[in-house]
Each structure stands twice: as C-alpha cells, then as structure tokens.
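A.B. asks: Submitted below is the structure of interest, expressed as structure tokens.
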Amino acid sequence: MRKVAVEKKGESNFFTSQMIKECMKKVTAVTLHQSVMVDPDLEIKAYYAGHVLGAAMFWIKSGTQSVVYTGDYNMTPDRHLGAAWIDKCRPDLLITESTYATTIRDSKRCRERDFLKKVHECVDRGGKVLIPVFALGRAQELCILLETYWERMNLKIPIFFAAGLTEKANNYYKMFITWTNQKIRKTFVQRNMFDFKHIKPFDKQYMDNPGAMVVFASPGMLHAGLSLAIFKKWAPNENNMVIMPGFCVVGTVGHKVLSGAKKIEFENRQIVEVKMAVEYMSFSAHADAKGIMQLIQYCEPANVMLVHGEAVKMQFLKDKIKQEFNLECFMPANGETCVIDTPYRLTTDVTLPLLKDEALKYNSQPPNSKKPRLLHGVLMTKDQQFCVMDVDEACKEAGINRHVIRFTSTVQLEDPGPTSRTTEKLLKLFTEKLKGWEIQCTEDSITIESVFVTIEGKDDKHKIVYVSWTNQEEDLGSFIVDVLRNMG
1 MRKVAVEKKG
11 ESNFFTSQMI
21 KECMKKVTAV
31 TLHQSVMVDP
41 DLEIKAYYAG
51 HVLGAAMFWI
61 KSGTQSVVYT
71 GDYNMTPDRH
81 LGAAWIDKCR
91 PDLLITESTY
101 ATTIRDSKRC
111 RERDFLKKVH
121 ECVDRGGKVL
131 IPVFALGRAQ
141 ELCILLETYW
151 ERMNLKIPIF
161 FAAGLTEKAN
171 NYYKMFITWT
181 NQKIRKTFVQ
191 RNMFDFKHIK
201 PFDKQYMDNP
211 GAMVVFASPG
221 MLHAGLSLAI
231 FKKWAPNENN
241 MVIMPGFCVV
251 GTVGHKVLSG
261 AKKIEFENRQ
271 IVEVKMAVEY
281 MSFSAHADAK
291 GIMQLIQYCE
301 PANVMLVHGE
311 AVKMQFLKDK
321 IKQEFNLECF
331 MPANGETCVI
341 DTPYRLTTDV
351 TLPLLKDEAL
361 KYNSQPPNSK
371 KPRLLHGVLM
381 TKDQQFCVMD
391 VDEACKEAGI
401 NRHVIRFTST
411 VQLEDPGPTS
421 RTTEKLLKLF
431 TEKLKGWEIQ
441 CTEDSITIES
451 VFVTIEGKDD
461 KHKIVYVSWT
471 NQEEDLGSFI
481 VDVLRNMG
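Residues in the sequence shown are numbered from 1 upward in steps of one, following UniProt numbering.
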C-alpha cells in the first residue's frame, strides 16, 4: 500500500544554508552545445530539452564510449518553450524517459480549444475551476493560454495562481527569456508575456469567496499542499471543475480522481465526496511515443535504454524500437544492472601522402553507398599518438624493408585459340561484372585494382589462368576466381 502525504507540513531545516553554499561552490555554469572537458578522458555537452525552463539533455563521452541521458524532454514546441533538439551524435547508449511510451497526442490546437471551452463553460455557470500544476512548465503555458483568451474575450472573472514557487518561477521566465520560444522572444520588446494582466497571486482566504474563479495551484498530482486543500473544499460542489493537465502517479489523489473515484478517504478518516466535474487534458511536457522515436532517429544511438515509465507500456515501445530501428533496447528495473557491449573505437591521424594516394585511386569513380571505400595503410604508434601511414612511409619510419605477400589461385579454362583472344573475352566479362572498378589490360594479362590475372597456353584448347591478390583484396580476388570457375 502506498502512503501518500496529505499535509502541507514537511521536515524543517532539511538542508542548512551552509550546505547549499558548499554545494553552489561545486557548480559550473555551461551554455547549450558547449563541450566541457572535465579531464582528458571525460567530455560533457548539454542540449536543449524543451521540458521546462533550463531543462537539458546531456551527451557524456568517456574515453571512446558515449551516452546521451535525456532526463525529461519534449519534442513538441508549446506556447512558451521550443522543441528539444539534438544533433547526430551517435552515442553508444541513449537513456530516454518513457512516461508516455504508448501515447500519441492529438492536435495541440484542438486540445487548447477544448480546454478553453470547458473552463469558459464552468465559470459561465458560476463554478470554480481548479488546475493542479507543478511550479515550472505547465503553469506558465496554461497561464499564457488563459491570459490571451481572457483578453480576447474581455472576461472579468478572476484567475489566480498560487503564490510562492510559481510566482518565483514566473520571475525566472522573465529573466531567462532567451530560453523561451521564438514568438515570445520576438514580442518581448513590446510586452513580456509573463507580465500577466488578468492573473493575480492567490490567497488561502479566496477559497471561500463566492462566485466563479480559476485557480492554478501546486502540486500537480493533488498529493499534498495547496492544490489538495482547494480540492477538498471545492470537490463536493457539482458546479465546480478540476482539470488535470499532466501525468499522475498511482496512489496519489490525482490518480484516484482520474480513475473515477466518487469518494476519497484521507489519513485522518476525512471522507470527501467528488461531485465536481473531472477532466483530463494532457498538457504534459514529456515526449510522447512519436517524440521518443523522433529523438532516436535524430541521434542514431547504438543501444537504447528506457526509464521512467510503466513496464507494460515500456515493453510495447521496446518492441517497436527493435522492429523499426533494429536496435538493442533495455528496460531495467530499479536497482538492476545492465551490461552493454560497445565496440572499441580508436582515434587516429592519417598522413597526407596516404590521403593523396587514395584520392587519386578513386578520383575517377563516383561515390557508391553499396560499395564502401576502404582506406588501406599501416597503423603506427609513437608517444601514445596513433597514425595511419602509407606502407612505404611506415617502412621508412620503422627502418625496415617492405615485403608483400600475395595469394595465387589457378583456374583451368577450355578456350581454343590464342591467349590474346581469351584475354579479350575475360576483359569483356570482368567489365560487365565489375562496373566502376579500375581495369587495365595487356596482351595476356588483366589488372583489376591490385589483383593480377595472367593467362597462359598457346594455340591449344586448354588455358591456365593465374589470379594473384594481396590480403587487402581478398574479397575481390575470391570473386574473380568464382567468376572464372563458373565460366569454365
């Protein structure tokens, strides 16, 4: 059984001022997309998360492995914040929230229209509307929405938000206007959208005031504090309404109300009848299933880990990720350890002569995604630095003579006539089979890249074809031998 807090009182002096001061000494401020080198092997970069003011996702690289940890994020822009964004950083692991693992939200405009209609209808009949919110995020978005609507409709019904955290949060939004969306930044010079004309601070004594009103109060799940106190007061009146704009954890009063409970018993044996209208409208700033898939597509991780969600819904999303992206996906329980194998990557320099040589080799060939171009060289290490060199360069650097090992395979062919005619036949065959490859020909030999094909035999019926290649051209050499055997 889950124990839910119902009283506003909390433990006092949980943290002392000195503790907070000591903690603040360890804080380092960074800007978005700024790479911070904590030490030579640890790099951190922050990305805009769009969840609330200051929310960030973090890319962390240790050695050659990297992780993206999202925290809470939102891939859809709202009335005060932009959408989360990340580049194609290709981490070894993406750890993403999955609060709405199976939800795909409907049109935002339809939701806003429905919200405004229900609020207006309730206050028109003299009812009171309670909107439980957390201090940051939905409070500001819904305040802007109602402020704009009240001004457009010239309504005089009072709107209040709980003084304290939400009021302070609004001040921070005014200060950090650069974190908001483009529309708010554009209109900031003429008017700060967070200087509300129709929304005033709430006082507890207003709870008993007659007549219609709209109140934003925290916390958002009705599990304690002012929002719960107002709910207890207004719930028995059928003219009133509570609108839940976000996710509610199982066991909270908010979850019970959304589940259709008509009577709620509290720890002090107080029973509250719920006669007020109950509405759920998802204005949550968490990414939905579509947004999570979008983030995976953006950053192209090698593995995905789902956290902060319900097991059944996470399992559905896990299967969807495997099916759509062919990625390993994990959803560990609290306290469970996951071991994820990652490839070891080596960062190395490449010498200019090797790059020039490779550029000349492939200069005549257009790029082909189906045929990757491999860079062949020798990996050298000096003073803990790695460098890929041309073979001749590497031999000179190491002070050794160059040796080349070649593999040779023979194929018997029956082809009457001179070897020159057999050579012409093979040249035509190789040109058809190996389009885009560099092929050179003499009277009795053909060179394909570094693979040598030599034909021996006079005017008799039988010919011997020698195919010789280096270990770098193993695939090409084997392919040519197979072509000759199928021909013979």
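Glycine is no exception: its CB is placed at the ideal position from the N, C-alpha and C atoms.
Could you round the C-beta distance between GLU97 and HIS308 to whole angstroms and report it? I think they count as a contact, below 8 Å.
C.D. replies: At roughly 4 Å, the Cβ-Cβ gap stays under 8 Å, so GLU97 and HIS308 are in contact.
A.B. asks: Quick one: Cα of ILE199 to Cα of GLN294, how far?
C.D. replies: Straight-line Cα distance between these residues: approximately 36 Å.
A.B. asks: Which of the three DSSP states, helix, strand or coil, is assigned to ARG269?
C.D. replies: Coil at ARG269, not helix or strand.
A.B. asks: What distance in whole Å lies between the Cβ atoms of LEU228 and VAL257, which are believed to be in contact at a cut-off of 8 Å?
C.D. replies: About 11 Å; that fails the 8 Å criterion.
A.B. asks: Whose C-beta lies closer than 6 Å to the C-beta of ARG406 among residues of the same chain, with five residues either side of it excluded?
C.D. replies: So the qualifying residues of the chain are SER468 and THR470.
A.B. asks: Is there at least one non-hydrogen atom of the ligand GDP closer than 7 Å to the beta-carbon of LYS382?
C.D. replies: Looking at this structure, you won't find the ligand GDP or any other ligand, since it has none at all.
A.B. asks: Does the separation of the CB atoms of PHE202 and PRO245 fall below 8 Å?
C.D. replies: In this structure, PRO245 does not lie closer than 8 Å to PHE202 by Cβ.
A.B. asks: Any beta carbon of chain C sitting closer than 8 Å to that of ARG421?
C.D. replies: Note that chain C does not occur in the displayed structure, where there is just one protein chain.
A.B. asks: Any chance you could list the beta strand (DSSP E) runs of at least 3 consecutive residues sitting entirely within the region 369-453, in chain order?
C.D. replies: As far as the region 369-453 is concerned, its whole beta strand (DSSP E) runs of at least 3 residues are 378-382, 385-389, 406-414, 439-441 and 445-448.
A.B. asks: Mapping the DSSP letters down to three states, classify GLU279 as helix, strand or coil.
C.D. replies: Strand.
A.B. asks: Could you tell me how far apart the beta carbons of PHE160 and MET213 are, in whole angstroms, since I believe they sit closer than 8 Å?
C.D. replies: Between MET213 and PHE160 the Cβ distance is about 7 Å, and since that is below 8 Å, they are a contact.
A.B. asks: Only counting runs of 4 or more residues, tell me where the alpha helix (DSSP H) segments fall wholly within the region 102-155, in order along the chain.
C.D. replies: Qualifying alpha helix (DSSP H) stretches, in chain order: 108-124 and 138-153.
A.B. asks: Name the DSSP beta bridge partners of CYS329, please?
C.D. replies: VAL304.
A.B. asks: What residue range is occupied by the uninterrupted beta strand (DSSP E) comprising TRP469?
C.D. replies: Here the beta strand (DSSP E) through TRP469 covers 462-470.
A.B. asks: At which residues does the beta strand (DSSP E) containing VAL38 begin and terminate?
C.D. replies: Looking at the DSSP string, the run of the beta strand (DSSP E) that includes VAL38 is 35-39.
A.B. asks: Per DSSP, ALA217 forms a beta bridge with which residues?
C.D. replies: DSSP lists PRO132 as partners of ALA217.
A.B. asks: Which of helix, strand or coil does DSSP assign to TRP85?
C.D. replies: Three-state result, TRP85: coil.
A.B. asks: Going by the DSSP bridge assignment, what does SER66 pair with across the sheet?
C.D. replies: Looking at the DSSP assignment, SER66 forms a beta bridge with LYS61.
A.B. asks: What does the Cβ neighbour count give for HIS462, buried or exposed, with the cut at 16 atoms within 10 Å?
C.D. replies: Classification for HIS462: exposed.
A.B. asks: Buried or exposed: where does ASN13 fall if 16 or more other Cβ atoms within 10 Å of its Cβ makes it buried?
C.D. replies: Flag for ASN13 reads exposed.
A.B. asks: Could you give the C-beta distance for SER66 and PRO91, rounded to a whole number, given that I count them as a contact under 8 Å?
C.D. replies: So it is a contact: roughly 4 Å between Cβ atoms.
A.B. asks: Let me know the secondary structure DSSP gives PHE316 once reduced to three states.
C.D. replies: Correct three-state label for PHE316: helix.
A.B. asks: Can you give me the C-alpha to C-alpha distance between GLY335 and ALA83, rounded to a whole angstrom?
C.D. replies: Approximately 31 Å, taken between the alpha carbons.
A.B. asks: If you count every other CB in all the chains shown that lies within 10 Å of the CB of HIS403, and 16 or more means buried, which is it?
C.D. replies: Exposed, because fewer than 16 other Cβ atoms sit within 10 Å of the Cβ of HIS403.
A.B. asks: Looking at ALA285: is its Cβ nearer than 8 Å to the Cβ of VAL52?
C.D. replies: Yes; because the gap between Cβ atoms is below 8 Å, this pair is in contact.
A.B. asks: Decide if the region 391-402 is in contact with the region 437-457; the criterion is three or more beta carbon pairs, one per stretch, under 8 Å apart.
C.D. replies: With a cut-off of 8 Å, the region 437-457 and the region 391-402 do not count as touching, because too few Cβ pairs lie within range.
A.B. asks: Span of the alpha helix (DSSP H) holding ALA235?
C.D. replies: From DSSP, ALA235 is part of no alpha helix (DSSP H); its letter is neither H nor E.
A.B. asks: Just tell me which of LYS21, ASN239 and ILE104 has its CA closest to the CA of ALA287.
C.D. replies: When each option's Cα is compared against that of ALA287, the closest is ILE104.
A.B. asks: Could you give the distance in angstroms between the alpha-carbon of VAL129 and the alpha-carbon of ALA217?
C.D. replies: About 11 Å.
A.B. asks: How close, in whole Å, do the beta carbons of PRO301 and VAL68 come, if the pair is a contact with beta carbons under 8 Å?
C.D. replies: Correct: roughly 7 Å between the Cβ atoms.
A.B. asks: Rounding to the nearest angstrom, what Cα-Cα distance links LYS290 and GLU358 in this structure?
C.D. replies: Distance between the alpha carbons of LYS290 and GLU358: 43 Å.
A.B. asks: Between LEU81 and THR180, how many whole angstroms is the CB-CB distance? I'm expecting something under 8 Å.
C.D. replies: Indeed, because the Cβ distance is near 6 Å, the residues count as touching under 8 Å.
A.B. asks: By how many angstroms is the C-alpha of LYS174 removed from the C-alpha of HIS25?
C.D. replies: The residue you asked about is not His; residue 25 is Lys in the sequence shown. Each residue's Cα considered, the two are about 26 Å apart.
A.B. asks: Alpha carbon to alpha carbon, how far is ASP124 from GLU22?
C.D. replies: Roughly 52 Å between the two C-alpha positions.
A.B. asks: Out of THR337, GLU397 and ILE480, which one is the CA nearest neighbour of THR408?
C.D. replies: Residue ILE480 is the option with its Cα nearest to THR408.
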